[in-house]
Amino acid sequence: MALFWLFVIQWEEISGLDENFTPIRTYQVCQVMEPNQNNWLRTNWIEKGDAQRIFVELKFTLRDCNSLPGVVGTCKETFNLYYQETDVEVGRNIRESQYVKIDTIAADESFTQGDLGERKMKLNTEVRIIGPLSRRGFYLAFQDVGACIALVSVKVYYKKCWSIIENLATFPDTVTGSEFSSLVEVEGTCVSDAEEEADNSPKMHCSAEGEWLVPIGKCICKAGFHQKGDACEPCGRGFYKSSSQDLQCSRCPAHSYNDREGSWRCDCEDGYYRALSDPPSIACTRPPSAPQNLVYNINQTTVTLEWSPPADTGGRNDVTYRIICRRCSWEPEECVPCGGNVAFTPQQSGLTDTYITISELLAHANYTFEVEAVNGVSDLSRTQRLFAAVSIATSQICLSPNPSAMNNFHGSEVIKERVQEHSIQLSWQEPEQPNGVITEYEIKYYEKDQKDRIYSTVKSKSTSATVNNLKPSTAYVFQIRAFTAAGYGMFGPRLEVTTKEESSGQNPVIIIAVVAVAGTIILVFMVFGFIIGRRYALAVKFPGTKTYIDPETYEDPNRAVHQFAKELDASCIKIERVIGAGEFGEVCSGRLKLPGKRDVPVAIKTLKVGYTEKQRRDFLCEASIMGQFDHPNVVHLEGVVTRGKPVMIVIEYMENGSLDAFLRKHDGQFTVIQLVGMLRGIAAGMRYLSDMGYVHRDLAARNILVNSNLVCKVSDFGLSRVIDDDPEAVYTTTGGKIPVRWTATEAIQYRKFTSASDVWSYGIVMWEVVSYGERPYWDMSNQDVIKAIEEGYRLPAPMDCPPGLHQLMLDCWQKDRADRPKFDQIVGILDKMIRNPNTLKTPVGTTTRPISPLLDQSTPDFTSFRSVSEWLEAIKMERYKDNFTAAGYSSLESVARMTIEDVMSLGISLVGHQKKVMSSIQTMRAQMIHLHGTGVQV
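The sequence shown stops at residue 1593 when you use the working numbering, and every number in between is there.
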């Protein structure tokens, strides 16, 4: 943005040289001898365009007041920066009341007169942000109140995401949002010859820093075009792409061609065709040749036809047969269609078998039958039809020129002399009515699965035959017919025979060799298993158990990832929207569609662009851990994407987010049993992890996720992460950071993390759940928390917390970790509470040591306090002493009768303080009732 200056009183424009002897122009003012300076310098009107957040970078020098004698009290070492928003220019007059102060600017380094002579002065650089702006433009103004200053340069700019092509979509230059945390959603425009993927329009988000975040949706190249870089190029000659869903162009299939670019299909060669139902990827085909070996059998006015399949099916497997029937006069070439009185069994067209029976023909008539093989392109062909034909004359008396069918080829009369792996020997009896001397038999056979589309024949002069060259363990169908001088008879009934399994040889040399090889393999696996077992120090596993393996023990972290996490194809993941930002990148929601499965909602953690190898290793470490777990109360890992960009971890989608935020949003809306059910789920998940030997180290409500059915699942298994934005949330010790408010004493002091320390953290989670997301220990500092716990202090029961639940919390906070309950015990107690809600009212300890000493240490004895003041000091709420006094609460008995409305009426506005005071009042009330019966009226 260009700057034009209007200057007022005492600011001077001076040309000079900087320390590199480069000519510069500055605006200076140095009226330090006179008091009450008010010198203004203003820019011309600056039109902001689409910008909403403006950055102002100032470079200036400032003289040290100590180097100026006699200016005590009048010299300043700061100046003020102002701005004014307007829609139009407003003239040269400066009215201070119309300007909004941005900041007071101070110098990091000032110079003295000696420095100036030696040319040692250094420029100060300061950047300030203005916004959000709503008018068309603005002015900047600089106010000097008595400094010796030289303004060297003012740079005014805004940030934007530069135009980019991503996933074949163009995203234009986009100005960042008005807030630091805002994301601007931008719709992409598909590049030339591309189109949006169905229900997946391209979007990106522009961050406040001018960086594009992970893309959502995409464009794909249209049919006839393929992707090359960031553009779509046409398929070359001889290639095609039939759908935008295809990734690459394909070569034209057989018997097809194209001579142009950008084709979505290929044309068929002459004589070849493609059916309307054929996809473009299918080769062009042609009609089949004529059927072969057409034979007939006539019985008065009934004709049976049989034939063999055509030698050429045209390249298709949808061959069927149709019969053309014509009745002819005794004169040649005078034939007419048979008409509707003729019956065809099973049907006249669409035949899949190679036989048909035609009945109800006229007696003493000539008929011509044509058998045509057809397929899906026969009706498209312009060439001459190919068929087999036969002419037959019917009679009225029984003339049986052919032998009868082999109707007696069935039951016990069939003798299977020998069935082997590759051959079958059959025998049969001669037909009862051979109609002449039978000169030979024909045996037709085919694989049962092939039906009779492809069959073979064997001929025999006798009533037995051996069929060779068969496949082992295969079912075959056999049919037999006889041949006399009158021709072939019909085939007899089908017979199914299965060949034997192929037997393995018993060669002792082969057996010895096989045993030796197997023994060597077993030995290698035993040695390898021993080495791996030593390397990773795996525990001995019993059936049904599983042990956690620390990914840090792998020399190559990528090996751990691929061993425990499934690699997903990025094309199976559809990112729908950005839902947050994690330590390593954006967190998105979307859908995962694996082949053969329905799509499922997922959460997607992405690794930001420009990551280091260490960041990538740390990012994927969580997946290496999660991939080892399989439990309904532990967040499930769907898989990872490591072979594409962005690198992603894909987990199940938990609709209600983190437990702490969910509870705060629904404060007071659940029953106690519902809360106990949530706690039971968390404990079950931790029991599973504990049984596997995994220590979580950061169990907290923020790391529990909740789905739409209120099922709570343990999550966040990263070993290296930021715990919270709050600097008080972690306590640094040797070896890393610890979330103090959730961590057991031995883990804070000695970094001893065990399942017992996870139990302590679980007790804090219980307190968070029952208090609906309250911050543990409220506004106490970390050091105060550590000190209080060491002195025996424990969190009091939240408001309306059943005694049984609070006692379980106290058991989890035993100082000696050996006295804390195991997760298995915790699950059992919570199950009992769910089955019998009355147990919530009675404290039940899980430890072997007495409960009362812990209560004496952790819960103040409110009956021992002599005044309201002492009570407030004990609970660290002494700041409200005057509030209680002014309201007339002079005794603990009066305090014990207070309600939440009474507490709020005292001016205690912080929710955390309200709950802390009320929790203490409830405990006080319970102790008084215990000591004095019902003497305290509530």
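Where a beta carbon is used, it is the ideal one built from N, C-alpha and C, also for glycine.
In this text the structure is predicted, and so the values were computed from the model without any measurement.
Asked, Found
"Can you give the Cα-Cα distance for valine 1331 and threonine 1267, rounded to whole angstroms?", "43 Å"
"Beta carbon of arginine 920, beta carbon of tyrosine 895: below 7 Å?", "yes"
"Beta-carbon of leucine 1463 versus every beta-carbon of chain B: anything under 7 Å?", "Any reference to chain B falls outside this structure, which holds one protein chain only."
"Please classify alanine 998 as buried or exposed, where buried requires at least 16 other C-beta atoms within 10 Å of its C-beta.", "exposed"
"Jot down the residue ranges of each uninterrupted beta strand (DSSP E) in the region 683-729, minimum 3 residues, whole runs only, in chain order.", "694-698, 709-717"
"By DSSP, does glutamine 1404 sit in helix, in strand, or in coil?", "helix"
"Does DSSP put tryptophan 919 in a helix, a strand or coil?", "coil"
"What does DSSP give as the partner residue(s) for histidine 881 in the beta ladder?", "Glu888"
"Can you tell me which of the three DSSP states methionine 874 falls into?", "Per the sequence presented here, residue 874 reads as cysteine, with methionine not at that position. It is a strand residue."
"From this set, Thr716, Glu732, Ala706, Arg892, which residue's C-alpha is nearest glutamine 692's C-alpha?", "Glu732"
"Sorted by chain position, which residues of the same chain lie with C-beta nearer than 7 Å to aspartate 1434's C-beta, five sequence neighbours on each side aside?", "Gly1567"
"Alpha carbons only, please: which of Ile701, Gln683, Lys703 is nearest the one belonging to asparagine 694?", "Gln683"
"Ends of the beta strand (DSSP E) at alanine 1443?", "Careful: alanine 1443 lies outside any beta strand (DSSP E), inside the alpha helix (DSSP H) at 1437-1445."
"Assuming valine 1420 contacts alanine 1356 (C-beta within less than 8 Å), just tell me the rounded distance between them.", "5 Å"
"Taking 7 Å as the threshold (C-beta atoms), are proline 1301 and threonine 1261 in contact?", "yes"
"Looking at the strands, I want to know which residues DSSP matches up with aspartate 1097.", "Residue 1097 is actually glutamate in this sequence, not aspartate. Looking at the DSSP assignment, glutamate 1097 forms a beta bridge with Lys1114, Arg1136."
"Measuring CA to CA, which of Val958, Asn972, Phe766 is closest to leucine 723?", "Phe766"
"Please go through the same chain and pick out, in chain order, the residues whose beta-carbon is closer than 7 Å to the beta-carbon of isoleucine 1234, but skip the five residues on each side of it.", "Val1242, Cys1243, Ser1244"
"Determine the burial state of serine 1574: buried for a count of at least 16 other Cβ atoms within 10 Å of its Cβ, exposed for fewer.", "buried"
"For alanine 1316, report the span of its alpha helix (DSSP H) as first-last.", "1314-1320"
"Tell me, which residues are paired with leucine 736 by DSSP?", "Asp758, Phe797"
"Taking the C-alpha atoms as reference points, what is the distance between aspartate 799 and proline 690?", "12 Å"
"May I ask you to report which of helix, strand or coil DSSP gives cysteine 1276?", "helix"
"On a Cα-Cα basis, can you pick out the residue from Tyr754, Pro935, Met688, Gln1270 that is closest to glycine 725?", "Met688"
"Taking all protein chains shown into account, decide if glutamine 1329 is buried (16 or more other Cβ within 10 angstroms of its Cβ) or exposed.", "exposed"
"Terminal residues of the continuous beta strand (DSSP E) containing tyrosine 1601?", "Missing from the structure shown is residue 1601; the chain here goes from 656 to 1593 and no further."
"Between the alpha carbons of arginine 1335 and methionine 1464, how many angstroms are there, rounded?", "13 Å"
"Whose C-alpha, out of Glu1087, Tyr1535, Arg1342, Ile1530, is nearest the C-alpha of phenylalanine 1478?", "Arg1342"
"By DSSP, does tryptophan 666 sit in helix, in strand, or in coil?", "coil"
"Looking at the structure shown, is glycine 1005 part of a helix, part of a strand, or coil, going by DSSP?", "coil"
"For aspartate 933, I'd like the list of residues in its chain whose CB is within less than 6 Å of its CB, leaving aside the five on either flank, ordered along the chain.", "none"
"Output needed for threonine 1049: all residues of its chain with C-beta closer than 6 Å, excluding positions within five of it in sequence on either side, in chain order.", "Thr956, Leu1016, Ala1018, Ala1020"
"Along the chain, where does the alpha helix (DSSP H) containing threonine 1540 start, and where does it finish?", "1536-1541"
"Using a Cβ-Cβ cutoff of less than 7 Å, which residues in the same chain neighbour leucine 949 once the five nearest sequence positions on both sides are dropped?", "Leu960, Trp962, Val1026, Ala1043, Val1045"
"Using 7 Å as the threshold, is the C-beta distance between cysteine 1367 and glycine 1418 below it?", "no"
"Helix, strand or coil: which one does DSSP assign to proline 678?", "strand"
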